[in-house]
Amino acid sequence: MIETSDKMNNQTTVSTFLLLQFSEVQKLQILLFGMFLAFYLMSLTGNLLIITAVAFDHHLHTPMYIFLTNLLQLHIKGVWLRFYSTISLLHQILPFLQ
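Residues 36 to 133, numbered by this note's numbering, are exactly what the sequence shown covers, in order.
So, in structure tokens, the structure goes:
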């Protein structure tokens with residue numbers, strides 16, 4: 036029988052995830068971009084619909100829906116912040132790539 040000790044536990048963590056194989060196939064890049072854009076837009080539309088429904092229906096002004104609305108607003112702000120930082124980073128990197 037094999038005994039396990041604390042030293043044998045796997046303690047590795049993943050810090051980055053790279054999609055390297057997709058950079059070579061142009062049609063696959065377009066397909067993936069379209070899929071990710073569609074997922075993002077569906078998520079954004081759903082969040083905005085929930086926020087709008089809670090804002091206009093007074094029956095939904097309960098603590099649960101107010102909390103949900105606050106979480107959705109934080110999610111939208113976080114996505115826009117990441118989008119803005121990515122675009123500004125691309126503007127800094129593009130002159131070096133040309």
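Built from N, CA and C at the ideal position, the CB exists for glycine as well.
DSSP three-state assignment for S136, whether helix, strand or coil: Nothing about residue 136 can be read from this structure; the chain reaches only from 36 to 133.
Do L109 and I86 have their beta-carbon atoms positioned less than 8 Å apart in this structure? no
Should L83 and V89 be called a contact, given that it needs their Cβ atoms to be closer than 8 Å? By the CB criterion at 8 Å, L83 and V89 fall outside the cutoff.
Would you mind giving the Cβ-Cβ distance between I111 and L79, rounded to the nearest angstrom? I have them listed as a contact below 8 Å. 7 Å
How should T104 be labelled, buried or exposed, when 16 other C-beta atoms within 10 angstroms of its C-beta is the threshold for buried? buried
Which residue comes first and which comes last in the alpha helix (DSSP H) that contains L89? Before going further, note that residue 89 is Val rather than Leu in the sequence given. Unbroken alpha helix (DSSP H) run through V89: 61-91.
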